[in-house]
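**Q**
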Amino acid sequence: MQLSLKEQICQALQHVVDVLLADIDTNKTPAVVLTRPKQKEHGDYAVNIAMPLAGLLKQNPRQVAETILAKVQFPDAVDTADIAGPGFINIKLKAGGETDILKVILEQAEHYGCLDNSNGEAVNLEFVSANPTGPMHVGHGRGAVVGDALANLLTARGYKVHKEYYINDAGNQIGVLANSVWLRMQELQGMDITFPDSAYPGDYIIEIAKDILNTHDFSSFQNMDEHTRLKEIGVLSVDANMAMIRQDLSQIGIAFDQYFSEKTLHNSGKVNQLIEKLEADDLIYTGTLPPPKGKEVIDYKPVEQRLFRTTDFGDDVDRPLQKQDGTATYFAADIAYHSDKFERGFKHMIDIWGADHGGYITRVQAAMKALTGLEKQPEVLLVQMVNLTRNGVPFKMSKRAGTFVTLSEVVEEVGKDAVRFNFMTRRIESQFDFDLEAAKAKDAENPVYYVQYAHARIHAVLRKAEAEGIALAKADDVNTSLLTSDEAAKLIKMLLAYPELLDSAANRREPYRIATYIMQLAAAFHSFYHKNRVIIDDHELMQARLLLLRATAQVIKNALALLGVSAPEKM
RNA sequence: GCGCCUGUAGCUCAGUUGGAUAGAGCAACGGACUUCUAAUCCGUAGGCCGCAGGUUCGAAUCCUGCUAGGCGCGCCA
């Protein structure tokens with residue numbers, strides 16, 4: 004494969020560095036990294052390699068830089084290379100040196116920025132996994148959008164991504180759900196019912212109850228013993244909720260490769276097998292845990308439990324696998340689940356969890372290390388909480404108070420694109436104040452319209468060209484070296500940076516960088532647009548500018564696609 | 001008490017893994033449409049990068065301590 008100009012320059016420098024290092028006794032090999040300086044006067048690329056080298060060679064950095072420049076063989080496109088400041092090497096390219104990228108972008112189209120890697124590593128990406136006890140809320144939405152964008156990003160960079168949703172359809176919550184629905188069913192039959200505090204209050208419970216009554220005979224439930232009845236209603240209710248959740252997901256354009264039921268782990272005996280395996284490996288013992296710190300537990304009683312020696316693998320305290328009544332804990336099922344992923348061939352797992360599960364990471368990784376020997380698996384990304392505001396005024400979400408805001412309501416109110424883009428504009432580590440009015444506003448405060456407008460604007464120009472009977476030249480016939488204005492140069496630099504951006508975003512699992520990038524790219528375009536009229540008499544220059552616009556539109560479209568946001572041609 | 005995340009302009013946030021003079025948007029002020037979309041652009045102003053030490057040629061970035069906010073800390077999920 005043809006090396007990019009940047010790679011050629013990098014290689015040329017690295018060669019010199021290697022030669023210099025060969026003369027001295029060291030095991031350090033500083034790598035040459037080309038950066039794009041903020042200041043224009045600092046050239047197109049800057050290298051700081053002379054600084055780390057200076058220490059090793061025991062010379063001053065400027066001297067080292069001179070030595071490097073004396074020996075290096077740069078490619079032809081390099082115009083000048085100067086030493087500046089404490090020892091930076093600033094490289095200037097000949098005019099139009101990198102404008103070939105426009106032709107590359109048009110040629111590669113939707114693949115520009117992507118790595119075609121047929122041997123890509125398989126990654127199991129688990130996200131959302133909202134409990135099947137109600138509709139998705141806004142906080143789930145953030146994890147969903149981030150997870151889906153990360154899946155797209157990793158896929159673009161050559162990974163084989165398997166998107167998975169873990170359905171927590173076992174455990175006490177399902178009993179509570181079933182009981183809540185049963186109470187509503189009885190109420191709908193005209194019976195006088197009092198609802199305990201523990202029951203789920205939402206209206207969707209009534210809807211589920213109605214649906215069950217429409218399709219099933221009420222008396223058949225009355226005739227069941229309580230255990231059977233709650234089990235039956237539990238299954239029906241989980242199905243209803245999962246149907247609702249899938250609806251919520253499809254509304255924001257998210258689909259999973261697999262929905263994995265926790266219950267199947269229990270029913271198939273996988274959880275018990277796991278516990279037996281751990282027993283056999285002497286990783287379980289009977290013991291008593293100390294009382295929890297930081298909050299007062301009134302009814303704390305020391306109790307003997309079967310404990311997993313997770314402390315041997317980095318955890319702070321050993322963890323119970325069985326409750327007092329002998330049933331498996333959530334933790335037991337969860338490590339059975341992750342073991343199952345491993346057995347299905349995934350050596351690399353990424354989980355996206357809410358911040359409230361942060362304390363859970365160490366124990367799962369410790370367990371996985373014990374079971375598979377894998378380090379730091381699953382890789383867990385914590386998404387911080389979403390605080391909803393309206394016109395800057397926070398309102399608390401509460402199931403009980405009925406001020407619960409579902410994702411579906413928000414998407415309906417502000418639209419899929421705005422929800423998705425807004426959720427992507429911040430790092431996942433920072434808490435997100437999501438303002439409903441701001442997300443709805445179609446003004447500059449809402450970045451999604453800013454970037455979509457850039458795309459639509461380009462198409463307006465292309466439409467105008469078409470209307471005037473101007474045929475778009477073939478990329479190879481365009482003289483791109485005419486694109487010499489400051490704005491064009493900036494825009495081209497942004498386009499050049501896109502593959503590197505994707506690479507770094509994928510490696511760091513930081514899809515938000517795509518959103519930040521698109522905003523910068525859109526700004527560079529808008530700026531260009533104002534200073535450089537495209538449809539002009541100078542035919543050659545016009546074709547060059549048209550090519551720049553076509554390439555820009557392509558990259559905006561590609562990047563928005565990764566975020567799952569549409570790129571309209573008209574607004 | 002312990003663990004994880006966060007603290008950058010009045011507000012919301014970036015800051016390319018330690019580089020040169022810390023950047024955007026909003027809000028404020030002043031400009032730019034008989035022109036390819038003004039949902040836009042240009043300019044002015046706004047900063048002890050939470051505080052204090054340390055590491056080095058060089059720190060918003062790395063280390064230590066402190067401080068403020070969020071999340072979590074037995075058989076809930």
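Take my numbering: the last position of the first sequence gets the number 574, and nothing is skipped along the way.
Glycine included, every Cβ here is placed at the ideal spot set by N, Cα and C.
1. Among GLN17, HIS165, PHE91, which has the Cα closest to the Cα of ALA125?
2. Leaving out five residues on either side along the sequence, give the residues of the same chain with a beta carbon under 6 Å from the beta carbon of MET245.
3. Measure the beta-carbon distance from LEU156 to ILE517 and round it to whole angstroms, keeping in mind my assumption that it falls under 8 Å.
4. Across which residues does DSSP place ASP85 in a beta bridge pair?
5. Tell me which residues share the same chain as HIS341 and place their Cβ nearer than 7 Å to its Cβ, disregarding the 5 neighbours each side in the sequence.
6. On the criterion of 16 or more Cβ atoms from any shown chain inside 10 Å, does TRP185 qualify as buried, or is it exposed?
7. Using the C-alpha atoms, what's the distance from VAL149 back to ALA159?
8. Beta carbon of ILE208, beta carbon of SER183: below 7 Å?
9. Can you name, in chain order, every residue of its own chain whose Cβ lies under 8 Å from the Cβ of GLY178, other than the five neighbours on each side?
10. Tell me where the beta strand (DSSP E) around LEU292 begins and ends.
11. Rounded to whole angstroms, what's the CA-CA distance from LYS9 to TYR262? Just pull it up for me.
12. Whole angstroms is fine: what's the gap from ASP119's alpha carbon to LEU239's?
13. Whose C-alpha, out of LYS496, ALA564, ALA478, ARG430, is nearest the C-alpha of ARG511?
14. Leaving aside the five residues before and after LYS106 along the sequence, list all residues of the same chain whose C-beta is less than 6 Å from its C-beta, in chain order.
15. Helix, strand or coil: how does DSSP classify ALA125 here?
16. Does the distance from the C-beta atom of VAL383 to that of ALA336 stay below 7 Å?
17. Got a sec, what are the start and stop residues for the beta strand (DSSP E) PHE349 sits in?
18. Which residues in the same chain as SER7 place their Cβ atom closer than 7 Å to its Cβ, once the five residues preceding and following it in sequence are excluded?
19. Pick out whichever of LEU566, THR330, LYS97, GLY116 has its Cα sitting closest to the Cα of ASP79.
20. Quick test of your reading: ARG309 and PRO294, contact by CB under 8 Å. State the CB separation rounded to the nearest angstrom.
21. Using only the alpha-carbon positions, how far apart do TYR288 and GLU307 sit?
22. Please report the residue range of the alpha helix (DSSP H) in which GLN189 lies.
23. Compare the Cα-Cα distances from LEU292 to each of LEU281, ARG312, GLN276 and report the closest residue.
24. Tell me whether PHE259 is buried or exposed, calling it buried when 16 or more other Cβ atoms sit within 10 Å of its Cβ.
**A** From the atom records:
1. HIS165
2. PRO135
3. 7 Å
4. ASN93
5. MET352, VAL367, MET371, PRO381
6. buried
7. 15 Å
8. yes
9. LEU233, GLY237
10. Per DSSP, LEU292 belongs to no beta strand (DSSP E) and is neither H nor E.
11. 44 Å
12. 44 Å
13. ARG430
14. ALA478
15. strand
16. no
17. Element bounds for PHE349: n/a, residue is neither H nor E.
18. none
19. LYS97
20. So it is not a contact: roughly 19 Å between Cβ atoms.
21. 10 Å
22. 175-191
23. ARG312
24. buried
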